[in-house]
Each structure stands twice: as structure tokens, then as C-alpha cells.
Amino acid sequence: MKIKALLGERIQAAFQEVGLSGESLLQHASRPEFGDYQANGVMAAAKRAGRNPRETAQAVVAALDLDGIAKAVDIAGPGFINITLDEGFLAEIEPLAVQTATPQTVVVDYSGPNLAKEMHVGHLRSTIIGDCIARVLERLGHRVIRQNHVGDWGTQFGMLLTYMQDKAADSNSLADLEAFYRLAKARFDDDEDFQRRSRQTVVDLQSGSPTALEQWARFIAISASHCQQLYDRLGIDLGPDDARGESSFNDDLAPTVNALTQRGLIELSDGAKCIFLDDFKNKDNEPLPVIVQKSDGGYLYATTDLAALRYRIGDLRADRVLYFVDARQALHFKQIFAVARAAGIASQEIVLAHMPFGTMLGKDNKPFKTRQGDLIKLADLLDEAVERASLVLSEKEVQVKNPDIDDSEAAALADMIGIGAVKYADLSKNRTSDYVFDWDQMLSFEGNTAPYLQYAHSRIRSLFTRGEINPNDLPARTVPVDDPERRLAAAIANYHDLLEQVGQEGYPHHLCGYLYDLAGRFTQLYEHCPILNADQEARTRRLILSHQTASILADGLTLLGIRVPDRM
Ligand code: ARG
């Protein structure tokens, strides 16, 4: 149940009844003594109406109908309204019933690596943040269409294919794509004949030569299978069917430019087809064009994105299109969206949103690189994560303490913990900022980390194992009594609201923060109240809350794309 929306509606109704207009500014109470929610909007609304804030707050509270929802509504300070939810109401909430009544079609564009090269750490953020939001939207009941806009077209393929021919390269020599790219590039840089042939290959490709296309397809297939291996290792919900690379829009580029021309949007500038929009000016206040076709007839990144948008809206029928792409592409997306609106590709009701993210930095606060200054391959990073996790597990003597965890289970654990730690470290930071990659922090069992939450979950599960209790034998709901129970129940009840917020705004760190807080509230209960040894009624109440907590932790971690071990 969306509690915030429900409270918001009721407060709005009360505002109306007493003749107030404005927002209720409802938020979570900043401190436990303020109850569960506080509405801070009365003061501003009263001021606008020239009324006394405190008296107005009293009138609002008198008009406010929260029967069966809140047990106390208090006025604090100059006119804050504090709301404390009723325990019976909390008990009625099914925390995992989060399906929306109004599903939308949401296209989520994420990962989008360049297939000329191997995936490196620069692709991690788009891949895991986009994947998390896609999962959350799906969880909420929306129809999610994943679109992996891979870079599979462009002049660099001329060079790669020519090198592939010269070397009679097979999938083995492409095993290290990065090395292959480097060799091809070196050859290109100091061999004029090779350059000439590479350019010819580009022309062959673009004119649809079957041989060139066949070679290109072979290269793309090998490179895509590298990516797929990484997706599988990372637990990313992307497969071959989600890939719709730049090349797949080739046939729609000319029609896209035609459509723009028919709308009267195109101007020629030095032979290039450009769109000038009022909102886009450069530093010197000169108009900044979006170029959609070069004077030599070639198309650009922007043209492909416009064609992709036509497909997403026209064919896929998207209500929202979300782009999880590096913040450095902000101008590109602003321009694409503006052109799409001006050209009628996207009507005003369709939401187009660039969900930008910052850069992953090393401890020196510079973009994360190897000691030699190379980009770090994603595959190497994941190997190191698992190695380090396995070291942590042996330091913690996990197998000594749990003798029935054999070596293969321990290896699986190290995999879940290591990869989970890398993902969580990223997802738990506000995506719009840069963040420092820190192995020790992310693998710690304390603080806002994946291992901490995985451990918190397994600890609750072990409570049931120790007590030999099947959670399915417990009643589904309980009315909290003691304070730590109540605080935990309030957080549990808030899960749906939280997911709505994450699905709306696209910030996974809110989900991380929520799960961390939830685990903390469980610890409070665990430390202050006996569970297995409590009297029958309290024991049942606390076990129900424990089970709900574990279920939400497991669900939330799954939405973050992090695996959840049963024991550790
Ligand atoms: N291939 C692009 C890059 O590596 C990312 C694609 C993002 N998606 C898009 N529709 N432009 O920068």
C-alpha cells in the first residue's frame, strides 16, 4: 500500500475543507518523537492566505480524517503536523504487494557498450544502475522493455575487419578483444595501405557488400558473446534479444532525416543537415546545431538516437523512455529530446529522461585505471572481487564456524559476496556524483555494504533454522506492541512507497539506504527484545516481523541484482 499517497490525499482533502491551497509537503518524520510522518506545508499555505499558521494547523487537523490509519495527529512548533500511524493499520499492510494498478510501458536503455572493444569499468555503472531500475519497474508491475543500444557500427569496424582479414583471425585471436583492438589500431596508425583498405572496408560495409557484412556479423557475434559472459557473471538481466544496436537503425536513418525535413526543421550549414533550436547556444551565445547528416552523407550518433526513439515510441509504444548513460552525454540527450518534441516524434505526454551518472574514481580521486594507466577490464575487476571476498571469508573463519559449508559452497559464497560488494558499492552512492572505488570499504561486514545486508539476511534465516520454525506456519500479519517492533513494522510498511520512489526517480541508493535502515531496525529489535525465548505471543509477533524483514531484504537485494545466500 502506498501510505504516503493515501496520507497526502487525506491532507489535501482537509486543506480544501478549510479553504487552504498548496502542497502538504508530507515527509517521513525526521525523528521518532515526531511520529511517522510530518506535513510541513500548512505554514506556507497559511501565510499565503494571511492566516495564523498554528490556528490553521488546528483547523486542518480537525478536518483531517485518518480514522483507522493514524492513532495520533499532533501539532508541533508553529504548525507542523505530526502523524503517528495506528498499529492495527500497520499490521494490515502486505509489504510485498506492490503491483501498480496503472502499468506503463517503460523502455530502459542501459549498458550499451561499444562492441569494437572489450567492456571495461566505464560500462559498469550504466549496466548495473539501469538493470536495477528495470527490475524495480518490473516489480511494480510495469511492462519493461530493455534496450541495449550497443555500438556496433562506425568507421572503427573498417579497421578491425581489415585486420581480421589480414590475420585470418578466428574467435581465438579475438579472445582478447582489447589486445586485438590495440594491434589493429597500431597497424592503422603506421601503415598507409592498411588505412586505405580499412576505409574501403567501411565503404563496402555501408554499401551492403555481403562479404563485408558477413565478416562484420562474425566480429559482432564474438564481441557480443564476451559481453554476455560478463552480464551472466554480474547477474544482469540482459540477453541477445535485448540488444538493438546502432546498426539495426541503419535503414531508418534516411527516413528519419526526411521526416525532420518535412517538418521544416533542417537547415544546411556547410553542406551538413542541421537543426537549430532556440534553447541551444554555445559559450559565445551562437546557435548550436544538432547535426543529423554530414556533408558527405554520413549519419551521426544523434541521428541513430532519433531513429531509435521513433522505434521506441512508434513500435514499442513506450510511455517512458529512460536512458542510463554517463553524465558527459547530457547535452546530447537534451538535444535529442528537444528535436524529438519539435519533430513530433515524442508527444508531451511521453516521458523522456536521461538518468545520468558520474565517474568511478580510484583512491587518488582520478578515473579508475590500472597502475599502468590502462582502463580496467571488467572481467579482471570481477576476478579480483571474488578473490578478495574469498580471503575475507577465510579471515572470518566462515567455514570453521559452519563446518557443513563445503568448499564448493564456500566458492559460491565468495562469488555472491565479491560481485555483490562491487555492485552494491556503486548502487549505494548517489548516481549523479563521482565515487571512489574502495575494496576494503565495500567488502566490510559493517556499514552500508552488500556483505552486511547479506549477513543480516542470513542471520534472520538462521533464527528460523535454530528455532526449527517454518515461517509459512506463522500468521501472515501481526500488530506490533513494543517500541522496537513498532519501529520495524513502520519501515516494513514503507517498502512499497520506497519502491515507487525508486521507480519514479531512478536512484538505487534510496533502496540501499532503506534496506540498511531496515536491517538496523531489526538489529535494534534483536538486541532489545528476546525473540526465540520470548513468551508465546511476543515470540510470534517478533518472528512475523523477522520473517517480513528477511523477505524484504531478499527482495530488495534481488532488485539490486545481488544474490542472497541462505547462510554465511
Ligand atoms: N554506446 C554508447 C557509449 O558507449 C552508449 C549508448 C547509450 N544509449 C544511447 N541510446 N545513446 O557511449
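Letter by letter, the sequence shown follows residues 1 to 568 of the working numbering. In this text, a Cβ means the ideal position worked out from N, Cα and C, and glycines have one as well. Please read all numbers here as calculations on a predicted model, not as lab measurements.
- About 25 angstroms separates the CB atoms of F357 and A389; that is not less than 8 angstroms, and the two are not in contact.
- Counting other Cβ atoms within 10 Å of its Cβ, Q156 reaches 16 or more and is therefore classed as buried.
- Taking the Cα positions, W216 is about 7 angstroms away from L161.
- The three-state secondary structure of I469, taken from DSSP, is coil.
- Within the DSSP secondary-structure output, H28 pairs in a beta bridge with Y37.
- Judged by the Cβ position, A308 qualifies as a neighbour of the ligand ARG at the 7 angstroms threshold, a heavy atom of the ligand being closer than this.
- If you ignore the 5 residues before and after N430, its C-beta comes within less than 6 angstroms of the C-beta of H509, all in its own chain and listed in chain order.
- The closest CA to that of G297, considering only C274, N285 and D193, is found on C274.
- Per DSSP, the unbroken beta strand (DSSP E) holding Q293 starts and ends at P287 to Q293.
- Cβ-Cβ separation between L309 and V321: approximately 7 angstroms, consistent with a contact (criterion under 8 angstroms).
- With the rule of 3 Cβ pairs closer than 8 angstroms, the region 543-556 counts as touching the region 468-486.
- In this structure the region 502-520 touches the region 125-145; the number of beta carbon pairs closer than 8 angstroms is three or more.
- Note that the region 519-535 does not touch the region 426-441; fewer than 3 beta-carbon pairs, one per stretch, sit closer than 8 angstroms.
- Runs of alpha helix (DSSP H) with 4 or more residues, each lying fully within the region 207-253, are found at 210-234, listed in chain order.
- Counting along the chain, V136 sits inside the alpha helix (DSSP H) bounded by residues L124 to R139.
- Rounded to the nearest whole angstrom, the C-alpha separation of T84 and D284 is 55 angstroms.
- Within the region 366-422, the complete alpha helix (DSSP H) segments of 4 residues or longer fall at 378-395 and 398-401, listed in chain order.
- For K47, the enclosing alpha helix (DSSP H) covers residues V42 to R48.
- Under the criterion of beta carbons closer than 8 angstroms, I128 and L230 do not qualify as touching, at roughly 11 angstroms.
- G561 places its beta carbon less than 8 angstroms from that of C132.
- Between the region 109-129 and the region 167-187, the count of C-beta pairs closer than 8 angstroms reaches three or more; the two stretches touch.
- I552 and D517 have their C-alpha atoms roughly 12 angstroms apart.
- F357 carries a coil assignment under DSSP once its states are collapsed to helix, strand and coil.
- By the Cβ-count criterion, D109 is buried, with 16 or more other Cβ atoms from all chains shown falling within 10 Å of its own Cβ.
- Nearest to D278 by C-alpha distance, out of D241, D406, Q228 and A342, is A342.
- In the displayed model, R567 falls within coil according to three-state DSSP, outside both helix and strand.
- G314 has its alpha-carbon roughly 51 angstroms from the corresponding atom of D74.
- In terms of Cβ geometry, L316 and I145 form a close pair [threshold 8 angstroms].
- In the displayed model, K71 falls within a strand according to three-state DSSP.
- Note that the region 481-490 does not touch the region 404-415; fewer than 3 beta-carbon pairs, one per stretch, sit closer than 8 angstroms.
- The C-beta distance from E17 to A70 rounds to 17 angstroms, too long to fall under 8 angstroms, and the pair is not in contact.
- In the structure shown, the three-state DSSP call for E446 is coil.
- A distance of 8 angstroms or more separates the beta carbons of G141 and P95.
- Between A346 and A340, the C-beta gap is smaller than 8 angstroms, which places the two residues in contact.
- Straight-line spacing of the CA atoms in D305 and P210 works out to 26 angstroms.
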